[in-house]
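S.K.:
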Amino acid sequence: MRPEFRTFRDHPEVSVLIVGGGINGIGLFDELALQGIDVLLVEKSDFCAGTSAAMTRVIHGGLRYLENAEFRLVRESLRERNRLIRNAPHYVKPLPTTIPIFSWTSGMVAGVRNLLNWPTKPGNRGAVLIKTGLTLYDFLAGRKSPLPRHRFRSRRAALELRPALNPEVICTATYYDAKITYPERLCLELVEDAEAACSEAHAMNYVRLQSAAGGTVVLHDEVSGESCEVRPKVVVNATGAWIDATNREFGRKSQFIGGTKGSHIVLDHPELVKATGDDMIYFVNRDGRICIFYAVQGKVIAGATDIPTEDPDAVCDEGEVDYLLESMRQAFPGIKVDRSHVVFRFCGVRPLPRSNALTPGQISRDHSFPVLPAGNGIDFPIYSLVGGKWTTFRALAEQVADEILRVLGRKRVRSSADVPIGGGKGYPRMPEGTGLPQDRLLTLQERYGTGADSVVAYMQAGPDAPLNCHPGYSRREIEYIALNERVVHLDDLIMRRTLMGLLGEVNRPLLEELASIVSPVLGWPEEKAAAEIERTAQLLRKVHGAMAAA
Ligand SMILES: Cc1cc2nc3c(=O)[nH]c(=O)nc-3n(C[C@H](O)[C@H](O)[C@H](O)COP(=O)(O)OP(=O)(O)OC[C@H]3O[C@@H](n4cnc5c(N)ncnc54)[C@H](O)[C@@H]3O)c2cc1C
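Using our numbering, the first residue of the sequence shown is number 366, and each one after it goes up by one.
1. How would you call H376, buried or exposed, if buried means at least 16 neighbouring beta carbons within 10 angstroms?
2. Would you kindly report the start and end of the unbroken alpha helix (DSSP H) that includes P368?
3. How would you write the range of the beta strand (DSSP E) that T611 sits in, first residue to last?
4. Looking only at its chain, what residues have a beta carbon closer than 6 Å to the beta carbon of H585, apart from the 5 residues adjacent to it on each side?
5. Return the CA-CA distance between T625 and P718, expressed in angstroms with no decimal places.
6. How many whole angstroms separate the CB atoms of I464 and I424, which I take to be in contact at a CB cut-off of 8 Å?
7. Can the beta-carbon of P548 be found closer than 9 Å to that of M420?
8. Residue range of the beta strand (DSSP E) that P635 falls in?
9. Determine the DSSP secondary structure at I657, reduced to helix, strand or coil.
10. My understanding is that G415 touches G605, with C-beta atoms under 8 Å, so please give their C-beta distance in whole angstroms.
11. Using DSSP with H/G/I as helix, E/B as strand and the rest coil, what is P746?
12. Considering just the uninterrupted stretch of the beta strand (DSSP E) at K598, what are its terminal residues?
13. From this set, Y748, E435 and R451, which residue's C-alpha is nearest I786's C-alpha?
14. Looking at G491 and ligand 1, is the gap between the Cβ and the nearest heavy atom below 8 Å?
15. Taking the straight line between their C-alpha atoms, what separation do you get for V736 and Y748?
16. Where does T863 fall in DSSP's three states?
17. On the DSSP bridge assignment, give the partners of N570 in chain order.
18. Compute the Euclidean distance between the alpha carbons of Y456 and P890, then round it to the nearest angstrom.
19. How big is the Cα-Cα spacing for V821 and P828?
20. Compute the beta-carbon to beta-carbon distance between D928 and E557, rounded to the nearest angstrom, for a pair I have assumed lies under 8 Å.
21. For the beta strand (DSSP E) that contains R516, what are its first and last residues?
22. Kindly list the residues whose CB is nearer than 7 Å to the CB of F758, restricted to its own chain and excluding five residues on each side of it in sequence; keep chain order.
23. Does the Cβ of R440 lie closer than 8 Å to at least one heavy atom of ligand 1?
24. Would you say the beta carbon of M420 comes nearer than 8 Å to a heavy atom of ligand 1?
25. Would you mind giving the Cβ-Cβ distance between G699 and A529, rounded to the nearest angstrom? I have them listed as a contact below 8 Å.
26. Going by the CB atoms, is the gap between V714 and A679 shorter than 9 Å?
27. In angstroms with no decimal places, state the Cα-to-Cα distance between L499 and E396.
28. If you pair each beta-carbon of the stretch 724-732 with each one of the stretch 875-893, do three or more pairs fall below 8 Å?
29. List the endpoints of the continuous alpha helix (DSSP H) containing C552.
30. Got a sec: does ligand 1 put a non-hydrogen atom nearer than 8 Å to the Cβ of C413?
31. For the beta strand (DSSP E) containing E466, list its first residue and its last residue.
32. Please tell me whether, using a cut-off of 8 Å, the distance from the CB of H629 to the nearest non-hydrogen atom of ligand 1 is below it.
33. Write down every uninterrupted run of the beta strand (DSSP E) in the stretch 377-447 whose length is 3 residues or greater and which is fully enclosed by it, in chain order.
34. Let me know the secondary structure DSSP gives G798 once reduced to three states.
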């Protein structure tokens, strides 16, 4: 039995139960732990395996939200973006973003109508509108923004720098946001920081909400099949696109969510990597929708679609792949790009509030936390975390924590605003005296921040060697992850502790090699290892259209 289940069997009372371990649930878990609150988080799958893993991997203010006159949201997002650059510098890095522009004055009428609250479908955006938006964006980012201000380039300069760009361009604008290199690892680091900050904060992956009655909630361990009862004072439903389904499991009706699915594809295409350069390309399609492309470790990520759906488990479909490929052809007409270049695809459902907006893009990305008060056979209030963005998780957590502290009659003891996260503490310190080559140390620093100290210490405590099928990782590095990073399934390792899955690098020999390393650490007998390989291969093929040839 899990040690936490044993503890709760003897003492089932807990102040706060958070159901859902995406960024919003985990952000709140961290915030409450910082206040010394006893809090339990359960996640039915792995941490950050839902929508939080399907993001574009951009920490941004939301330039586009200016069109909906959401100035408060943009200001808050920019503030949180700047904080994440400071608090998680190992994973959150500046990202120049270039907008190719094809007209001087387009979009002004729609822009003015939207500002006056007459919702209008956005079309192409011309240089004047973009200049206005970027000036405002820089202003809202504040004087203390760690990022440079925007700049325009003439057609000639833009094509000189990026010759593959559509030659119909009249100029480009470049502004700055940030990319997040390992959102899944940052979630795990937040979990670990929270547990270190408060001995009564516990988070468990692969544990789901089973049922609830009166003041009791039954939790189910997805691995062992065991159950455990807890008695929370407050419940937070942080299950994102599953929020209404989860409230039903509590016996409560809600219609909070009007989700939209968003898909990305990852392409293995060196010419496109060169064409995008170091920038994210923010491309406005002929239909007015925005697609972004940028390079990540030698591959290009392109996304995202925005399509209403009722299915929280939606997957990327063929139409979306076609749409994204077509956008890339519009941006770089001279580059041949087709399905043969796609090595991975992923999809997530935005847990947006139900809305009557004209287009999905016009639904607000702001957050809220409606409460279902105790009643209908349930003795505790349930707060649902609706909407929001990855970028603003801390702001949402702070606001919800203040409300929960009020309900519990407790006081805030600490702000999370300036608390460094995980391997961001003491960054950019490098492990010393290791004898490892500089480029290997830099890679480890990029992967673990200052957490690289412990990884290197473990690697050097025994004979080590690069993986046969992926020499960028070593055997003891993988062993370290399996031992210390709550890996339950093989796909946790390739999808969320490393980028092997996202980058389309996984083939059967690699899965076999990884399984042979983690099996002794996790106590997997031969049949279990074989089942894990099969499970991961199926997931890659069926959900992610991936599985590189050997
Ligand atoms: C395509 C796309 C691109 C995006 N890009 C960006 C971006 O670049 N930048 C940005 O800031 N934001 C971005 N977002 C928004 C951001 O990703 C989401 O707002 C955020 O991840 C939502 O997090 P969440 O924790 O609410 O939901 P989730 O991450 O989905 O977490 C909910 C969790 O609840 C779990 N769960 C469900 N039911 C149960 C149960 N019964 N018991 C236990 N656990 C349960 C699920 O397994 C899941 O892990 C993007 C979203 C999408 C879809």
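Just so it is clear, CB atoms sit at the ideal spot from N, CA and C, and this is done for glycine as well. Bear in mind the structure is a predicted one, so any value in this text is a computation, not a measurement.
M.R.: Taking the structure as given:
1. Locating residue 376 in the sequence shown gives position 11, where the first residue counts as 1. Exposed, since its Cβ has fewer than 16 Cβ neighbours within 10 Å.
2. Here the question's residue 368 lines up with position 3 in the sequence shown. First-last of the alpha helix (DSSP H) with P368: P368 to D375.
3. Against the sequence shown, residue 611 aligns to sequence position 246. From DSSP, T611 is part of no beta strand (DSSP E) but of the alpha helix (DSSP H) over I608 to E614.
4. Counting from 1 along the sequence shown, the entry for residue 585 is found at position 220. Result list for H585: R573, Q575 and S592, in chain order.
5. Here residue 625 refers to the residue found at position 260 when the sequence shown is read from its first residue. Here residue 718 refers to the residue found at position 353 when the sequence shown is read from its first residue. When rounded, the distance between both Cα atoms is 10 Å.
6. Numbered from its first residue, the sequence shown carries residue 464 at position 99. Numbered from its first residue, the sequence shown carries residue 424 at position 59. Not really, about 18 Å apart at Cβ, beyond 8 Å.
7. The sequence position of residue 548 within the sequence shown is 183, counting from 1. The sequence position of residue 420 within the sequence shown is 55, counting from 1. Cβ distance < 9 Å, so P548 and M420 count as in contact.
8. As a position in the sequence shown, residue 635 is number 270, starting the count at 1. Segment P635 to T641 is the alpha helix (DSSP H) holding P635; no beta strand (DSSP E) there.
9. Taking the first residue of the sequence shown as 1, we reach residue 657 at position 292. Three-state DSSP puts I657 in a strand.
10. Taking the first residue of the sequence shown as 1, we reach residue 415 at position 50. Taking the first residue of the sequence shown as 1, we reach residue 605 at position 240. That pair is a contact at about 5 Å.
11. Taking the sequence shown and counting its residues from 1, one reaches residue 746 at position 381. P746 falls in the coil class under three-state DSSP.
12. Your numbering for residue 598 matches position 233 in the sequence shown. Its beta strand (DSSP E) spans residues S592 to N602.
13. If you number the sequence shown from 1, residue 786 lands on position 421. Of the candidates Y748, E435 and R451, the one whose C-alpha sits nearest the C-alpha of I786 is R451.
14. In the sequence shown, residue 491 corresponds to position 126, counting from 1. Not so, every heavy atom of ligand 1 lies at least 8 Å from the Cβ.
15. Taking the first residue of the sequence shown as position 1, residue 736 is located at position 371. Taking the first residue of the sequence shown as position 1, residue 748 is located at position 383. Answer to the nearest angstrom: the Cα atoms are 4 Å apart.
16. Taking the first residue of the sequence shown as position 1, residue 863 is located at position 498. In this structure, T863 counts as coil in the three-state DSSP scheme.
17. Here residue 570 corresponds to residue number 205 of the sequence shown, with the count starting at 1. Answer by DSSP bridge pairing, in chain order: E408.
18. Start at 1 with the first residue of the sequence shown, and residue 456 comes out as number 91. Start at 1 with the first residue of the sequence shown, and residue 890 comes out as number 525. Those two C-alpha atoms are separated by around 35 Å.
19. Reading the sequence shown from its first residue, position 456 is the one you call residue 821. Reading the sequence shown from its first residue, position 463 is the one you call residue 828. In a straight line, the C-alpha of V821 is about 12 Å away from that of P828.
20. Limits of the chain in this structure are 366 at one end and 915 at the other, which puts residue 928 out of reach.
21. As a position in the sequence shown, residue 516 is number 151, starting the count at 1. Counting along the chain, the beta strand (DSSP E) containing R516 begins and ends at R516 to S519.
22. Residue numbering aside, residue 758 sits at position 393 when the sequence shown is read from its first letter. Around F758: I388, N389 and G392.
23. As a first step, residue 440 is located in the sequence shown; it is residue number 75 there, counting from the start. Every heavy atom of ligand 1 is 8 Å or more from the Cβ of R440, so no.
24. The residue given as residue 420 occupies position 55 in the sequence shown. Yes, Cβ of M420 sits closer than 8 Å to a heavy atom of ligand 1.
25. As a first step, residue 699 must be located in the sequence shown, where it is residue number 334. As a first step, residue 529 must be located in the sequence shown, where it is residue number 164. With a Cβ gap of about 6 Å, G699 and A529 count as contacting.
26. Taking the sequence shown and counting its residues from 1, one reaches residue 679 at position 314. Taking the sequence shown and counting its residues from 1, one reaches residue 714 at position 349. Contact flag set, yes.
27. The residue you call residue 499 lines up with position 134 of the sequence shown. The residue you call residue 396 lines up with position 31 of the sequence shown. Using only the alpha carbons, I get a separation of about 32 Å.
28. no
29. Here residue 552 refers to the residue found at position 187 of the sequence shown. C552 -> alpha helix (DSSP H) spans P548 to A562.
30. Your numbering for residue 413 matches position 48 in the sequence shown. Checking every heavy atom of ligand 1 against the Cβ of C413, one is found closer than 8 Å.
31. The residue you call residue 466 lines up with position 101 of the sequence shown. Going by the sequence as given, residue 466 is Ile instead of Glu. Counting along the chain, the beta strand (DSSP E) containing I466 begins and ends at V457 to I466.
32. Sequence index remark: in the sequence shown, residue 629 carries index 264 (1-based). H629: yes, Cβ under 8 Å from ligand 1.
33. 378-384 and 404-408
34. Locating residue 798 in the sequence shown gives position 433, where the first residue counts as 1. Coil at G798, not helix or strand.
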